[in-house]
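Everything on this sheet refers to the single structure shown next.
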Amino acid sequence: MSKLRKTLSQTSWIREGIFEMSRPNKMLLKRINSLQFSNTALFNNQATRIEKLEQKLYALTKFIEVHLEIAPHKSRSLNEYLEDVIK
C-alpha cells in the first residue's frame with residue numbers, strides 16, 4: 279500500500295509540475311514583452327541610422343559628381359573614377 283501511495287504522490291507531483299509549467303508565467307511574459315519592445319526599438323534605431331547614412335552617401339555622391347564635372351576627368355563616369363581611386 280505504501281508503494282501505491284508513493285507512486286500516486288509522485289504522479290501528483292509530476293501533474294502539478296506540468297500544470298505549473300503550462301500556466302503562463304507572468305514574469306516570463308513581461309520579460310518577453312520587454313525584449314520584443316527592445317528589439318523593435320533597436321530595429322527602428324538601426325533603420326534610422328541606415329536612412330541617415332544613405333542620405334549622406336547620396337550627398338557625397340552628388341558632391342563628387344559636381345567636382346568631377348569641374349575636373350579634367352569629366353568625360354569619365356563617377357564609377358570609373360572611383361574604381362581608379364580605390365585601386
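So the mapping is simple: our numbering equals the position in the sequence shown, first residue as 1, plus 278.
For each residue, glycine too, the CB sits at the ideal point set by N, CA and C.
A quick note: this is a predicted structure, and the numbers were derived from the prediction, not measured.
Backbone secondary structure at residue i - three-state DSSP
i: residue 317; result: helix
i: residue 311; result: helix
i: residue 323; result: helix
i: residue 357; result: helix
Residue i: CB within 7 Å of a non-hydrogen atom of the ligand FMN
i: residue 334; result: This structure does not include the ligand FMN; it has no bound ligands of any sort.
Sequence-distant residues of the same chain with beta carbon closer than 8 Å to residue i, five excluded per side
i: residue 307; result: none
6 Å CB neighbourhood of residue i in its chain, flanking five on each side removed
i: residue 336; result: none
i: residue 338; result: none
i: residue 340; result: none
Close-in-space but distant-in-sequence residues of the same chain around residue i (CB under 7 Å, 5 per side omitted)
i: residue 314; result: none
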